[in-house]
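S.K.: By the count of this note's numbering, the sequence shown reaches residue 194 at its end, each step adding exactly one. Attaching a single structure in structure tokens format; questions to follow.
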Amino acid sequence: MIPLLVFLAILIVLGLIVAGMYNGLVQLKVRADNAWSDIDIQLKRRHDLVPNLVETVKGYAAHEKGTFENVARYRSAAMAATSTADRAQAEGQLTQALRGLLAVAEAYPELKANVQFQSLQQSLSELEDALQNSRRYYNAVVRDLNTKIQSFPTNIIAGMFNFQQRQFFEIADASERAVPTVKF
């Protein structure tokens, strides 16, 4: 009778350990989904702001047609991207196009002084900060999830229940990693 009780106790302890590992994986998966949702919300806000910014700049720099077309094209591509890697690449291209748009604005002092443009530029700056924070949090959660999926013994549980590693939200464009040149 005692060996049976010991065996049952061992099974219960093992069951609790497996349940704890499984619940830890589920918690990280849900946190990763939530973090991705936060990024998605920030990107949506950014995509909604871009047309207003473009229209404001168009009023002052109508001949910069190529810049406006790039912003529109990359915004559409970013909105259509589905996978993490495609989304990161498309958002990187949109960021570059927005930098070009803001560079165009630098050439027009009356535009830079426009209250609406300043407000839109401030909103974009705040959105970029929020987006950067969301990306950082997402990548931290993905790091924790991927580490747990690869670590023993949770890798066994992850394999049994088909937990998949996630991709990091990384900068795909090497030019975004480059240190800007400052000249006086």
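Note that CB positions come from ideal geometry on N, CA and C, so glycine has one too. All of these numbers come straight from a predicted model, not from anything done at the bench.
Pick from 53, 35 and 78: whose alpha carbon is nearest that of residue 108?
M.R.: The alpha carbon of residue 108 has as its nearest neighbour, out of 53, 35 and 78, the alpha carbon of 78.
S.K.: Quick one: grab the DSSP three-state call for residue 161.
M.R.: coil
S.K.: CA-CA distance, residue 55 and residue 169?
M.R.: 37 Å
S.K.: Do the region 112 to 122 and the region 58 to 74 make contact, defined as three or more Cβ pairs closer than 8 Å?
M.R.: The answer is yes - the region 58 to 74 touches the region 112 to 122, with three or more Cβ pairs under 8 Å.
S.K.: Residue 11 by DSSP, collapsed to three states: which one?
M.R.: coil
S.K.: In chain order, what residues of the same chain lie with their CB nearer than 8 Å to the CB of residue 36, ignoring the 5 residues before and after it?
M.R.: none
S.K.: If we count the other Cβ atoms within 10 Å of its Cβ and call it buried at 16 or more, is residue 176 buried or exposed?
M.R.: buried
S.K.: Do you know offhand how far residue 95's Cα is from residue 29's?
M.R.: 32 Å
S.K.: Touch check for the region 138 to 146 and the region 121 to 128: three-plus C-beta pairs under 8 Å?
M.R.: no
S.K.: Quick check on this structure: which residue in 26, 166, 142 and 164 has the alpha carbon closest to the alpha carbon of residue 46?
M.R.: Closest in C-alpha terms to residue 46, from the list 26, 166, 142 and 164, comes 142.
S.K.: For residue 88 versus residue 104, is the C-beta distance shorter than 7 Å?
M.R.: yes
S.K.: Mind checking residue 23: buried by the 16 CB within 10 Å criterion, or exposed?
M.R.: exposed
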